[in-house]
Amino acid sequence: MLYVDLSSASVESRPVPEAWRRQFVGGKGLGARYLYDELDAGTDPLGPENVLLFMLGPVSGLLPGETRYAAVTKSPLTGGFLDSYAGGTFPDTLAGALQDHIGILVTGRAQEPVKLVVEDDGATVEPAETWGKDTAKTDAAFPDGAVACIGPAGEQGVAFATIASDGGEHHAGRGGAGAVMGAKRLKAVVVRGDPPTDLAELREQYATRYREGDTGQWLHASGTVETVDFANEVGALSTHGWEDGQFEGADGVGIEAVQELAAGREYDDDGSPGGFRVETENGETVPRGATAMSLGAGLGIDDFDAVAALGETCNRLGLDLISAGSAVAWAIKAGDAGLLDESLDYGSPDDARALLKEIVARETMLGDALADGVDAASARLGGDDLLPTVKAMELPAYDPRGARSMALAYATSDRGACHRRALPIEREAFDGDWSPERAAAAVIREQDQRSVLWCLVVDDFVGDAFEDLGAEWLDAVGLDTDGDLATVGERVWNLTRLFNVREGVSRADDELPAKLQEPLDSGPNAGAAIDAESFDAMLDEYYSQRGWDADGRPTSETIERLGLADAVDQSTLPADTTLGE
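Numbering (full-length UniProt numbering), first residue to last: 1 to 581.
In C-alpha cells, the structure reads:
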C-alpha cells in the first residue's frame, strides 16, 4: 500500500499483511479493513484524520470490460462507510503506475492545494495549479496522464461531491468522496503508466462470454438508458419528487428518444460495456440511465437535450446526479409546502440549473443547506417527510412501492440507500409478492456476491460472466483466499456493518422512510405503499439470516465464524459479547 500524508507531503510504501489479502482480497474488502483499522470512532469525515483510499484489485487492468477503481472513505453525507466506483482510463493507468501496489491511502491535509502524481511505482505531492477549475478543465490540464479530480463542489465541501475522471465522463459518485478530497486540499491525482497486458487469453475468453451473454447484449443494444423504460413500465420510476410511479414524458428521455438520435453512435468490440453514446444538439453525451431517471423523470423534465445539459452541469461541477436531482426535487416540494420564500417548478431545466449552482456556491441559505444533503436541509428548514432517504443518502429512482424487496435492499445497504448493492426489483416486479424469507435471502445473496466483485473491482455488468465469482482469475494470479468467495463477500459485508455499528448505526437507521408509507398517486401501482409491519417482518428475517442480533449487530458467533475477531473493536459490541482468541 502506498501511504501518502498530505500534512507532511511524505510518501511511504508499506506491505499489505498477507492475512488481510487472503481475507479481503482487494478493492472494497481490503479498503474496508484499512478504514476500520486507521480510524477511531467519531472521526470527522472532513477532518485531516479521515483517510481516503484509491483501491484496485488483484486483477485490475487484466479483466475484460471497463476497469474500475474504488474510492473508500468515511462519508461526509452519511457519517458511515463509503465505497464509490468509477471506470474510464484512470483505473487502467493507475494499475500500470502502481505496479507492485494495490492502492493508495491518503491522510492528513495539505496547507495549500496540491496534486498527487503517481508513476513508476511511487508518488510525489506537488502544488495544484487548477484549484477553482471545473472537472473538464482540470482533466485537460494534464494531457500526458489520466486524472481523478474534484470540481468546485468538492472544493466547497458539498456532501455529495464526486471524484471525476475522463473530463467528467466518469465519477466515483455517491456519498461525497469528492468532499473528502477537497477537505484534504487534494485537487487531483494524476497517474502515468502503461496498463498491464498479462492473461490476454483468459481476458478474451471472458470478453467473448460477456459479449454473448444477456447483459452484454442488452448494454450493446441500448446502454443503461433502457432502465428508464423498465422502471416506468413496472410503475417503479420515481416521478415528480416521489409522488408518482410513472412518467408521462418517459418517451422523451428514454430509449425511444435515444434511438431517434442514435445515428452517430459507436459500439466497442472488446467486451466493454456501453460504447453507446448519443450526441445532443449542445454537444453533450448521454451516458447512463440514472441521468434520465433523476434529472428527467424525477424533476418532470421530458426534453432529452435539457436533461443531458443538466447532467453535464453536474459532471463539470462534480456533483452526484442522484443526490443533485433529489436536492432540486426537495426544494420544489418545500416551496409548495410553504417552507421556502422562493418557488421552483417541475419541468424547468433553468430552475434546476440555477439551484445546482447555488448549492455549489453555498452563498444562499437554501444552497448552503442543500449542500449538506436533503436530510441536513430538512433539519435546518423543515420538511423531513418530503423525500425518502436512508442513512441520510437520497434514494435512487427505483421506487420500492413497485417491489417491496427494494425497500429492504435500500434500508440495509452499507453505504446508505443504493441500488447497486442489490436490485431484487428486476425479479420481484415480474414474479409476484415475495415473502419476507424470500426477500431477505435474495437481498443477502446479491449483497454478498456484489461485495466479492467489488473486492476484485470488477465492472458490475462484466461480473455477470463470472460464474465462479472470479475464482479462476484469482487462481491465475496465485491468490488464495481464506474461505470460498461467497464467504469472502459475507465477511466484507459484515466488516462494513461493524464499521457502521462503531459509528452508532443501529436498527433505527435501517428504517423505512416515511415517504414510502404514503400511497403512489398514479401508474400500475397507484395506491401502493409499504406498511411498517410488513417491512419490520422483512428486516427481522434479514437480521436472522445474516446472523445479527435484533438491533442489527453481528453476533459473536458470526464474527468468529467469519474470522473477524481480530479486526473488531469489542467496546462497540453488546456488553455480553465475548470473542475468542
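All residues carry an ideal CB built from backbone N, CA and C; glycine is no exception. Predicted model, so just to flag it, every value in this text is computed and none were measured.
Residues near residue i by beta carbon distance below 8 Å, same chain, minus five either side
i	result
T88	The sequence shown places Gly at residue 88, not Thr. Taken in chain order, the residues that qualify are E66, A146, S165, D166, E169, H170.
G61	T67, P91, D92, A95, G96, P195, P196
A9	A110, V114, V125
R22	L479, D480, T481, D482
L30	V16, W20, R21, F24, M55, I102, G103, C455
7 Å Cβ shell around residue i - same chain, five flanking residues per side excluded
i	result
G527	P519, L520
L395	P388, T389, Y410, A417
F247	N232, L237, T239, A297
A292	V225, V228, V253, G254, V307
G178	I150, A153, G154, A161, T162, I163, G318
Assigned secondary structure, residue i (DSSP; H/G/I helix, E/B strand, else coil)
i	result
K333	helix
T67	coil
V568	coil
K74	strand
A148	strand
F54	strand
V328	helix
Y398	strand
T227	helix
D345	coil
F90	helix
F160	coil
V182	Strictly speaking, residue 182 in this sequence is Gly, with Val absent from that position. Helix at G182.
S238	coil
S435	coil
R404	coil
E169	coil
S378	helix
D244	strand
R192	strand
T389	strand
residue 582	Coverage of the chain is limited to positions 1 through 581, which leaves residue 582 absent and any answer about it impossible.
S84	strand
Spatial distance of residue i from residue j (CA atoms)
i	j	result
A329	D372	15 Å
A361	A309	19 Å
L116	A188	6 Å
G193	Q99	9 Å
D144	E557	52 Å
E428	Y542	17 Å
A508	F466	36 Å
V11	L52	14 Å
M406	Y34	30 Å
L299	G241	7 Å
residue 595	D83	For the chain, the structure presents residues 1 to 581; residue 595 sits outside this window and is missing.
Y210	G470	13 Å
T78	R415	8 Å
D251	S571	54 Å
P424	T412	13 Å
L366	T162	21 Å
G311	R421	23 Å
G504	E204	46 Å
K184	E119	21 Å
S522	G245	6 Å
G552	A141	47 Å
Spatially closest choice to residue i from the options, by CA coordinates
i	options	result
V191	G241, I104, P152	I104
V477	L498, S348, L202	L202
G80	E119, T130, G175, P113	G175
L456	L474, A442, G252, A136	L474
D384	S343, W131, A331	A331
D531	L199, P513, D121, N525	P513
V59	E472, P424, P436	E472
R497	R316, P554, L453, H419	P554
R502	A153, V568, Y34	V568
G182	E363, S75, A41	S75
L485	E511, V505, D448	D448
D302	D320, G325, P349, C314	P349
L386	P45, L339, R401	L339
R561	S451, D536, E129, R546	R546
E290	D320, R316, D305	The identity of residue 290 in the sequence shown is Ala, whereas the question assumes Glu. Closest by alpha carbon: D320.
Contacting residues, own chain, Cβ-Cβ under 6 Å from residue i (five flanking each side not counted)
i	result
S323	F160, E394
G108	D5, L6, S7, P48
W548	P554
D351	L344, D345
Residue i CB to nearest heavy atom of the ligand MN below 8 Å
i	result
K133	In the structure shown, the ligand MN is absent, as is every other ligand, since no ligand is present at all.
Residue ranges of each alpha helix (DSSP H) within the stretch 500 to 550, 4 or longer: Every unbroken stretch of the alpha helix (DSSP H) spanning 4 or more residues and falling wholly within the stretch 500 to 550 is given here in chain order: 532 to 546.
Contiguous beta strand (DSSP E) assignments of at least 3 residues, all confined to the stretch 2 to 47: Every beta strand (DSSP E) of 3 residues or more that sits fully in the stretch 2 to 47 is shown, in chain order, as 2 to 5, 10 to 13.
Alpha helix (DSSP H) segments (min. 4 residues) lying fully within the stretch 437 to 504: Qualifying alpha helix (DSSP H) stretches, in chain order: 471 to 476, 485 to 502.
Runs of beta strand (DSSP E) wholly within the stretch 103 to 128 (minimum 3 residues, chain order): As far as the stretch 103 to 128 is concerned, its whole beta strand (DSSP E) runs of at least 3 residues are 103 to 107, 114 to 119, 122 to 127.
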